[in-house]
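Asks:
There are 2 protein chains.
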Amino acid sequence: MADLHLIKAGGNLLEDSEIRKKFLTHFALLEGPKILVHGGGKSATTLAAKMGLEVQMVDGRRITDRAMLEIACMTYAGLLNKSIVAELQALDCNAIGLSGADGNAIRAVKRPVKEIDYGFVGDITKINTALFDQFCQSGIVPVCCALTHDGQGQLLNTNADTLAAEISKCLSTKYEVYLTYCFEKPGVLLNIEDSNSLVPTLDRTHFEALKKSNQIVAGMIPKLTNCFDAIEGGVQEVRIGQMELLNQTIPHTKIQL
Amino acid sequence: MADLHLIKAGGNLLEDSEIRKKFLTHFALLEGPKILVHGGGKSATTLAAKMGLEVQMVDGRRITDRAMLEIACMTYAGLLNKSIVAELQALDCNAIGLSGADGNAIRAVKRPVKEIDYGFVGDITKINTALFDQFCQSGIVPVCCALTHDGQGQLLNTNADTLAAEISKCLSTKYEVYLTYCFEKPGVLLNIEDSNSLVPTLDRTHFEALKKSNQIVAGMIPKLTNCFDAIEGGVQEVRIGQMELLNQTIPHTKIQL
């Protein structure tokens, strides 16, 4: 099986045009089939503020109402995705931007309402592996924003970390998938202020122990859950770290089976 | 050569969700390879107004400054394109949304500044015929918004009528292309208020005469120029009319060589 790199870029790497250029240059240098999945960062919140809309929160969780879904479509699939694609083209990387609706790439169902109604949020049900494979075989590089569709005309907001893990798992039937979560930190830190507290390798037993002792910050828990989901789901390698990791050996966190 | 339908949908057909649904149903019913090109209608102007931005005009011409280009990316490539794609998927039409940057589909150059600086407006230089052909052969239906790129990372606003004509011309080397410009009127009218004044067929001599006698309204002239450009460039058939034309024989304007 051929190698395939799947990179998830955190929103913080994409907002500032200089940092984005640096990140995309690293990404473009990766050889062979590759896929980029990107979050939206603060772009949706910024646009919402400009339009006088407030982000709806329930119990500290962000709610995607209809107005916020439209803003997500405008920023994630519109401005951000197309800027990334145009900039990758300039780096001789033949990128194509995709939402989950494009080519029926990623299907989801609207999250059922239990305690909280999250609104237009999608839980992934099906990845169109053949479509991603077709692009990779043609030398085209999919750039996926975090939107899916339900097959009945409804777009849905979907977590980009989960999207990256699910695409990786599905493609691991055809490729040796190397999944890297890129963000601004060097990896999992026991003390968020101290780079020396980096956890170089993490297996599920260690992860569960760190959760129990509250040594992992809240925001990292869902990301790591996606990481373990990927490595246990057949992905060859799962790493978390900074963008330089794409082309160099630098300290990072490696997820272990 | 196989037949291919290329449909340009005017913005007025896409703004209202009920009218859009009706149009997309007509489009989805077309058999064989097909491509949709869409304008943006008032969506960009509406979003600009919500954000407190004013459309810049010079000598009655719309200028695309940086802020307006960002709004075009958000509305044309983001909200509008993705809504169309998701709704076509629900109609069992395997659509994929494209800006000119996606898959390097459509290259352009920023329009040179002569009397007027139009800003980030692109004049088309190259259509990626192989990409469109690849999609058509795979049963995937390209849905193109009116944005191109310059290959150096810059997205550019481009006239959707021109885009439709240029794609049609390039694909006419591989397909018998049937190009239909759909809008709210039944075709070219000598009196815009009177449907009975419809011009059923129009050749260039007749067009030039109607221009001279001021019998064609200003907005129709560039559209018709694109039509003649297409029919003279090898496109099999060029028509202008209402959406029902896609599946029925109704009065319309047919452009003649």
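Heads up: the protein sequence lines correspond to chains A and B, in order. Just so you know, our numbering puts the end of the first sequence at 1701, numbered straight through with nothing missing. Just so you know, our numbering puts the end of the second sequence at 1701, numbered straight through with nothing missing. We put the beta carbon where it would ideally sit given N, CA and C, even for glycine.
1. Return helix, strand or coil for ASP1577 of chain A, following the three-state DSSP convention.
2. Would you say ALA1604 of chain A lies against chain B (beta-carbon separation less than 8 Å)?
3. Do GLN1598 of chain B and ALA1521 of chain A have their C-beta atoms closer together than 8 Å?
4. How would you call HIS1650 of chain B, buried or exposed, if buried means at least 16 neighbouring beta carbons within 10 angstroms?
5. Please state whether DSSP places GLY1455 of chain A in a helix, a strand or coil.
6. At what residue ranges does the region 1475-1539 of chain A contain a whole run of the alpha helix (DSSP H), taking only runs of 4 or more?
7. Quick check: is the beta carbon of GLU1620 of chain A nearer than 8 Å to any beta carbon in chain B?
8. Please name the residue in A:LYS1613, A:CYS1588 and A:SER1612 whose C-alpha comes closest to that of ASN1601 of chain A.
9. Is there a Cβ of chain B sitting closer than 8 Å to that of GLY1519 of chain A, yes or no?
10. Hey, is the region 1619-1632 of chain A in contact with the region 1451-1459 of chain A, meaning 3+ C-beta pairs nearer than 8 Å?
11. Could you tell me whether the Cβ of GLU1531 of chain B comes closer than 8 Å to any Cβ of chain A?
12. Measure the C-alpha to C-alpha separation of VAL1661 of chain B and ILE1699 of chain B and round it to an integer number of angstroms.
13. When the Cα atoms are used, what is the spatial distance from LEU1623 of chain B to GLY1541 of chain A?
14. Within the chosen definition, does the region 1559-1573 of chain A reach the region 1635-1654 of chain A through at least 3 CB pairs nearer than 8 Å?
15. Buried or exposed: where does LYS1656 of chain A fall if 16 or more other Cβ atoms within 10 Å of its Cβ makes it buried?
16. Inspect the CB distances between the region 1610-1623 of chain A and the region 1504-1512 of chain A and report whether three or more fall short of 8 Å.
17. Quick one: which residues of the region 1534-1551 of chain B get their C-beta closer than 7 Å to a C-beta of chain A? List them in chain order.
18. DSSP on PHE1666 of chain B, reduced to helix/strand/coil?
19. Do LEU1491 of chain B and MET1518 of chain B come within 8 Å of each other at the CB atom, strictly closer than that value?
20. Looking at ILE1584 of chain A and ASN1548 of chain A, is the spacing between their C-beta atoms short of 8 Å?
21. Just to confirm the assignment, what range does the alpha helix (DSSP H) spanning LYS1570 of chain B have?
22. Could you check if VAL1565 of chain A is buried or exposed, using at least 16 other CB atoms within 10 Å of its CB as the buried criterion?
23. According to the Cβ coordinates, are LYS1554 of chain A and ASP1594 of chain A closer than 8 Å?
24. If you follow the alpha helix (DSSP H) that GLU1652 of chain B is in, where does it begin and where does it stop?
25. In whole angstroms, give me the CA-to-CA distance for GLN1581 of chain B and LEU1448 of chain B.
26. Have a look at MET1501 of chain B and ARG1510 of chain B and give me their C-alpha separation to the nearest angstrom.
27. Which of the three DSSP states, helix, strand or coil, is assigned to GLU1462 of chain B?
28. For ASP1567 of chain B and ILE1550 of chain B, I'd like the C-alpha separation in whole angstroms.
29. Since LEU1523 of chain B meets chain A, which of its residues come closer than 7 Å, beta carbon to beta carbon?
30. Using C-beta distances below 6 Å, list every residue in its chain close to ALA1446 of chain A, excluding the 5 sequence neighbours before and after it, in chain order.
31. Given a cut-off of 8 Å on the beta-carbon distance, is the pair VAL1632 of chain A and VAL1621 of chain A in contact?
32. Buried or exposed: which applies to ILE1684 of chain A, given that a residue is buried once 16 or more other Cβ atoms fall within 10 Å of its Cβ?
33. In angstroms with no decimal places, state the Cα-to-Cα distance between PHE1579 of chain B and ILE1515 of chain B.
34. For ASP1546 of chain B, count the other beta carbons within 10 Å of its own beta carbon; 16 or more makes it buried, fewer makes it exposed. Which is it?
35. Less than 8 Å between the beta carbons of LEU1701 of chain B and ILE1675 of chain B, yes or no?
36. When the Cα atoms are used, what is the spatial distance from THR1606 of chain B to PHE1672 of chain B?
Replies: Looking at the atomic coordinates:
1. Along the first sequence, read from residue 1 onward, the residue named residue 1577 of chain A stands at position 133. In the structure shown, the three-state DSSP call for ASP1577 of chain A is helix.
2. The count along the first sequence starts at 1 and reaches residue 1604 of chain A at position 160. So, not an interface residue.
3. The residue given as residue 1598 of chain B occupies position 154 in the second sequence. The residue given as residue 1521 of chain A occupies position 77 in the first sequence. The answer is no: Cβ separation not under 8 Å.
4. Sequence index remark: in the second sequence, residue 1650 of chain B carries index 206 (1-based). Classification for HIS1650 of chain B: exposed.
5. In the first sequence, counting from the first residue as 1, residue 1455 of chain A sits at position 11. Helix.
6. Runs of alpha helix (DSSP H) with 4 or more residues, each lying fully within the region 1475-1539 of chain A, are found at 1487-1494, 1510-1516 and 1525-1534, listed in chain order.
7. As a first step, residue 1620 of chain A must be located in the first sequence, where it is residue number 176. So, not an interface residue.
8. Position 157 of the first sequence holds residue 1601 of chain A. That would be A:CYS1588, whose Cα lies nearest to the Cα of ASN1601 of chain A.
9. On the first sequence, position 75 is the one that residue 1519 of chain A refers to. Checking the sequence shown, residue 1519 of chain A turns out to be Thr, not Gly. It does: the Cβ of THR1519 of chain A has a partner Cβ on chain B nearer than 8 Å.
10. yes
11. To locate residue 1531 of chain B, count along the second sequence from 1; it is residue 87. True, the Cβ-Cβ gap to chain A drops below 8 Å.
12. Position 217 of the second sequence, counted from the first residue, corresponds to residue 1661 of chain B. Position 255 of the second sequence, counted from the first residue, corresponds to residue 1699 of chain B. Here the alpha carbon of VAL1661 of chain B sits roughly 17 Å from the alpha carbon of ILE1699 of chain B.
13. Residue numbering aside, residue 1623 of chain B sits at position 179 when the second sequence is read from its first letter. Residue numbering aside, residue 1541 of chain A sits at position 97 when the first sequence is read from its first letter. Each residue's Cα considered, the two are about 26 Å apart.
14. No contact exists between the region 1559-1573 of chain A and the region 1635-1654 of chain A.
15. For the purposes of this step, residue 1656 of chain A is taken as residue 212 along the first sequence, with counting starting at 1. Exposed: under 16 other Cβ atoms inside 10 Å.
16. no
17. ALA1534, ASN1538, ILE1540, GLY1541, SER1543, ALA1545, ASP1546, GLY1547 and ASN1548
18. For this step, residue 1666 of chain B is matched to residue 222 along the second sequence. Here residue 1666 of chain B is Pro; the residue named in the question, Phe, does not match the sequence. Of the three classes helix, strand and coil, the one that applies to PRO1666 of chain B here is helix, per DSSP.
19. Reading the second sequence from its first residue, position 74 is the one you call residue 1518 of chain B. Reading the second sequence from its first residue, position 47 is the one you call residue 1491 of chain B. Yes.
20. Sequence index remark: in the first sequence, residue 1548 of chain A carries index 104 (1-based). Sequence index remark: in the first sequence, residue 1584 of chain A carries index 140 (1-based). In this structure, ILE1584 of chain A does not lie closer than 8 Å to ASN1548 of chain A by Cβ.
21. Within the second sequence, numbered from 1, the residue matching residue 1570 of chain B stands at position 126. For LYS1570 of chain B, there is no enclosing alpha helix (DSSP H); the residue is part of the beta strand (DSSP E) that begins and ends at 1566-1571.
22. Residue numbering aside, residue 1565 of chain A sits at position 121 when the first sequence is read from its first letter. Classification for VAL1565 of chain A: buried.
23. To locate residue 1554 of chain A, count along the first sequence from 1; it is residue 110. To locate residue 1594 of chain A, count along the first sequence from 1; it is residue 150. Yes.
24. As a first step, residue 1652 of chain B must be located in the second sequence, where it is residue number 208. Its alpha helix (DSSP H) spans residues 1648-1656.
25. In the second sequence, residue 1581 of chain B corresponds to position 137, counting from 1. In the second sequence, residue 1448 of chain B corresponds to position 4, counting from 1. Between GLN1581 of chain B and LEU1448 of chain B, the C-alpha separation is close to 11 Å.
26. Within the second sequence, residue 1501 of chain B is the residue found at index 57, counting from 1. Within the second sequence, residue 1510 of chain B is the residue found at index 66, counting from 1. Their backbone Cα atoms lie some 14 Å apart in a straight line.
27. Working through the second sequence from its first residue, we reach residue 1462 of chain B at position 18. In this structure, DSSP gives GLU1462 of chain B a helical state, which the three-state scheme calls helix.
28. Within the second sequence, residue 1567 of chain B is the residue found at index 123, counting from 1. Within the second sequence, residue 1550 of chain B is the residue found at index 106, counting from 1. Between ASP1567 of chain B and ILE1550 of chain B, the alpha-carbon positions lie close to 10 Å from each other.
29. Locating residue 1523 of chain B in the second sequence gives position 79, counting from the first residue. Within chain A, the residues near LEU1523 of chain B are GLU1514, CYS1517, MET1518 and GLY1522.
30. Walking along the first sequence from the start, residue 1446 of chain A turns up at place 2. The answer, listed in chain order, is TYR1619.
31. For the purposes of this step, residue 1632 of chain A is taken as the residue at position 188 of the first sequence. For the purposes of this step, residue 1621 of chain A is taken as the residue at position 177 of the first sequence. Taking 8 Å as the Cβ cut-off, VAL1632 of chain A and VAL1621 of chain A do not qualify as a contacting pair.
32. For the purposes of this step, residue 1684 of chain A is taken as the residue at position 240 of the first sequence. Under the 10 Å beta carbon count, ILE1684 of chain A is surrounded by 16 or more other beta carbons and is classified as buried.
33. The sequence position of residue 1579 of chain B within the second sequence is 135, counting from 1. The sequence position of residue 1515 of chain B within the second sequence is 71, counting from 1. Cα to Cα, PHE1579 of chain B sits roughly 28 Å from ILE1515 of chain B.
34. Numbered from its first residue, the second sequence carries residue 1546 of chain B at position 102. ASP1546 of chain B comes out buried.
35. Locating residue 1701 of chain B in the second sequence gives position 257, counting from the first residue. Locating residue 1675 of chain B in the second sequence gives position 231, counting from the first residue. Going by C-beta atoms, LEU1701 of chain B is nearer than 8 Å to ILE1675 of chain B.
36. Translated into positions along the second sequence, residue 1606 of chain B becomes position 162. Translated into positions along the second sequence, residue 1672 of chain B becomes position 228. Straight-line measurement puts the Cα of PHE1672 of chain B at about 11 Å from the Cα of THR1606 of chain B.
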